[in-house]
Amino acid sequence: MEFLCKKNIVAFFLFVSVAACSQSKTDEKYIIGTAIDQAGTGGTMQSFEEAGKVYFSSFDSVGRRLNFVDPQTNDLSFSPELGDASHVWLSTKVDGFAFDVKGSSVAVRSNGFQSTIEVLKLAGSITSWASDLPQGYVAFVDEFFSIGLLQIDPSGSVLRQWTGGPIINGLNSVIAGEMAEGGKLLLLVNGGSLLVVDVAATLEAKAWTFQQRDLGLNNPSWIGKVEGRNDRALVYDSVGMHLVDLTLGTVLQDLSIRSYVTPSKNGLDHAFYYDYTTQNIVIVRTNGPDSIQESRFKLSNPNVRQSFLSTDNLVIATDDGSIIKFRLSDGLVAAKYNLKGIGRLGLSEDYVVAMYESALGAIEILNLDNGESKLFNAFNLSSLQN
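Sequential numbering of the sequence shown, starting at 49, is according to this note's numbering.
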């Protein structure tokens, strides 16, 4: 689950108090967008991209602040103190505003995270979120699948908002969803259909405005985006993975999968499963805009904790602290390293950042190109002394 933005209006990333939503704890099925785990233990650091550089961050419950990591320069910086460990932080860059999510409430914290204004209140605890960052559209979803839609400007001011329920047009019950570029909220509904919701029109009318695509899906549970194409989507159901043309409302390709699949939105949207017969990790991904494929990589440990997929490489983390980087073109293991411990991880194509369970504070930066490791220790000492 990654909040990667390559455009300029906003670059969100998710900060979870005790721990971020972890692919080892949830496989991202039957949700809209990406899970927000407000009570998890162990998980992922989050990443965002700005000016071609990748940054990581995670909430530190001891220092009660966000730790920002720049792996390119081996730099560690901090936000102001933010509060207790019951909040979830959806933030812009270091000096930007943040969404402060706690229970059923969403507030905007601006002016260096100091000013707080509540912008959304749902009935149930908020469990997931989705966004179209270039357009400033954000959706927060609660445990009852109520969907709160917001349009925000770059300063964090809310321009428009509306909340709708999960039964659309009196017939369609929402099962899962995702936000695509161009203000499209993609909702999988019962009966095997997909709804393409026009977010701008929905906010204007304060009613669901959509086009329905009858795809004949079998118990769908997950939908993913296709890089650079807002007219395509990946859909997983009980039969396998499907590549969908959202404009024509047709299925371009079906890929039957019998094994248990774990979807991932870490890097490019994809899914993986382990083939015990051949001892392969199998990655299900797009191959251009019009086809999907399986890529197999030899791996003796079946316990994959997280995966990150780019155009050229696959990076995986296993439960024993191993980090392995595969080259997609030929399966070459380009790098294999062992972290100093088991902690909260952030993966990218070239770097891994691990935040270890330590009251004093411990963060490791691993460079996958040269194997160099940088360890920050005891940065919470002043907080413990206060």
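All residues carry an ideal CB built from backbone N, CA and C; glycine is no exception.
Residue span of the beta strand (DSSP E) that contains residue i, given as start and end
| i | result |
| --- | --- |
| residue 342 | 340-346 |
| residue 251 | Element bounds for residue 251: not the beta strand (DSSP E) but the alpha helix (DSSP H), 247-253. |
| residue 374 | 370-375 |
| residue 261 | 258-262 |
| residue 185 | 185-190 |
| residue 198 | 195-200 |
| residue 351 | Counting along the chain, residue 351 falls outside any beta strand (DSSP E), and DSSP gives it neither H nor E. |
| residue 335 | No beta strand (DSSP E) holds residue 335; DSSP gives it neither H nor E. |
| residue 364 | 361-366 |
| residue 424 | 421-425 |
For residue j and residue i, believed in contact at Cβ under 8 Å, the rounded distance
| i | j | result |
| --- | --- | --- |
| residue 382 | residue 374 | 7 Å |
| residue 178 | residue 229 | Between residue 229 and residue 178 the Cβ distance is about 12 Å, and since that is not below 8 Å, they are no contact. |
| residue 342 | residue 329 | About 11 Å separates the two Cβ atoms, so there is no contact after all. |
| residue 209 | residue 196 | 7 Å |
| residue 110 | residue 428 | 5 Å |
| residue 216 | residue 256 | 5 Å |
| residue 248 | residue 289 | That pair is no contact at about 30 Å. |
| residue 370 | residue 386 | 6 Å |
| residue 340 | residue 291 | 5 Å |
| residue 316 | residue 358 | 7 Å |
| residue 194 | residue 214 | 7 Å |
Residues sharing a beta bridge with residue i, DSSP
| i | result |
| --- | --- |
| residue 311 | 319 |
| residue 220 | 216 |
| residue 399 | 415 |
| residue 233 | 227 and 245 |
| residue 383 | 373 |
| residue 180 | 185 |
| residue 209 | 198 |
| residue 410 | 425 |
| residue 304 | 288 |
| residue 329 | 322 and 345 |
C-alpha gap between residue i and residue j, whole angstroms
| i | j | result |
| --- | --- | --- |
| residue 160 | residue 128 | 8 Å |
| residue 184 | residue 199 | 5 Å |
| residue 336 | residue 167 | 39 Å |
| residue 277 | residue 150 | 33 Å |
| residue 172 | residue 148 | 16 Å |
| residue 458 | residue 379 | Examination of residue 458 is not possible in this model, given that the chain is present from 49 through 434 alone. |
| residue 186 | residue 81 | 10 Å |
| residue 349 | residue 390 | 16 Å |
| residue 115 | residue 418 | 24 Å |
| residue 298 | residue 388 | 48 Å |
| residue 90 | residue 403 | The predicted position of residue 90 is uncertain, since its pLDDT is 42 and thus under 50; no value can be drawn from it. |
| residue 311 | residue 192 | 22 Å |
| residue 360 | residue 280 | 20 Å |
| residue 70 | residue 412 | Since pLDDT at residue 70 reaches only 34, below the 50 mark, its modelled position is unreliable, and the value read off the structure follows with that caveat. When rounded, the distance between both Cα atoms is 18 Å. |
| residue 43 | residue 113 | Residue coverage of the chain in this structure runs from 49 to 434, which leaves residue 43 outside it and unanswerable. |
| residue 394 | residue 346 | 23 Å |
| residue 254 | residue 188 | 16 Å |
| residue 130 | residue 239 | 44 Å |
| residue 86 | residue 175 | Only weak support is given to the placement of residue 86: the predicted model assigns it a pLDDT of 46, under 50, and the value that follows is read from those uncertain coordinates. Those two C-alpha atoms are separated by around 8 Å. |
| residue 126 | residue 296 | 47 Å |
| residue 99 | residue 118 | 12 Å |
| residue 314 | residue 235 | 20 Å |
| residue 430 | residue 180 | 39 Å |
| residue 269 | residue 284 | 6 Å |
| residue 120 | residue 423 | 14 Å |
| residue 293 | residue 232 | 14 Å |
| residue 286 | residue 267 | 6 Å |
Proximity test, residue i beta-carbon vs the ligand NAP heavy atom, cut-off 7 Å
| i | result |
| --- | --- |
| residue 281 | No copy of the ligand NAP occurs in the structure displayed, which carries no ligand at all. |
In chain order, what are the residue ranges of uninterrupted alpha helix (DSSP H) at least 4 long that sit wholly in the region 93-171? Qualifying alpha helix (DSSP H) stretches: none in this window.
At 3 residues or longer, and completely inside the region 269-301: list those beta strand (DSSP E) runs for me, N to C. 270-274, 277-284 and 288-293
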